[in-house]
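**Q** Once you've had a glance at the structure underneath, I'll fire off some questions.
In our numbering, the protein residues as written are 58 to 244.
In structure tokens, the structure reads:
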């Protein structure tokens with residue numbers, strides 16, 4: 058009626074639902090009842106509350122930098138959730154990453170997909186160069202002789218790698234010549 062509003066009700070309606078703050082995802086009835094008025098015959102039409110899946114807490118600490126040759130493992134791939142489920146990583150455990158910055162990804166798939174959403178998270182991992190030492194082998198010769206064939210050894214290759222992975226191969230030489238006087242010379 059013109060000019061009337063909620064003031065025409067003697068008692069206000071009340072809406073209730075069985076859903077609570079911690080209710081799992083799903084559909085819940087909203088029931089309306091309790092209104093009263095002198096001039097109105099009140100009827101009720103219930104509603105629906107759709108509760109979507111909750112986002113579980115899913116965390117992943119930024120991993121410390123690693124040295125080339127370190128295979129990804131539980132130290133880097135250590136995301137956590139407070140609920141049960143499966144965590145899938147990309148790249149996977151056991152993967153060898155090249156030197157540089159890499160984005161690691163984790164997908165958490167909860168056991169209960171009705172109550173909880175799939176979550177995704179990313180962190181950065183820096184892979185630093187591995188140390189490699191190239192040491193000239195010691196040699197000796199008599200004054201007046203030609204220099205022997207100089208050689209060197211590598212110490213530090215990882216993952217069964219060898220000198221074939223070097224972009225520039227090392228060279229070896231000495232200031233000592235056939236005519237050099239006796240003494241010590243750096244190779």
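Ideal Cβ placement from N, Cα and C applies to all residues, glycine included. Predicted, not measured: the structure shown is a model, and the values here were computed from it.
Which value, in whole angstroms, describes the spacing of the CA atoms of residue 233 and residue 220?
**A** About 27 Å.
**Q** In whole angstroms, what is the alpha-carbon distance linking residue 152 and residue 105?
**A** Going by the C-alpha atoms only, they are around 49 Å apart.
**Q** Could you tell me the distance, in whole angstroms, from the CA atom of residue 101 to the CA atom of residue 77?
**A** If you take the alpha carbons of residue 101 and residue 77, they lie about 22 Å apart.
**Q** Rounded to whole angstroms, what is the Cα-Cα separation between residue 139 and residue 147?
**A** So the two alpha carbons sit approximately 21 Å from each other.
**Q** Between 83, 64 and 89, which has its C-alpha nearest residue 71's C-alpha?
**A** Comparing Cα-Cα distances from residue 71 to each of 83, 64 and 89, the minimum goes to 89.
**Q** Identify which residue in 174, 119 and 91 has its Cα closest to the Cα of residue 143.
**A** Of the listed residues, the one whose Cα sits closest to residue 143 is 174.
**Q** Please list, in chain order, all residues of the same chain as residue 236 whose beta carbon is under 8 Å from its beta carbon, the five residues on each side excluded.
**A** Contacts found: 201.
**Q** How far does the beta strand (DSSP E) with residue 90 in it extend, from its first residue to its last?
**A** Here the beta strand (DSSP E) through residue 90 covers 83–90.
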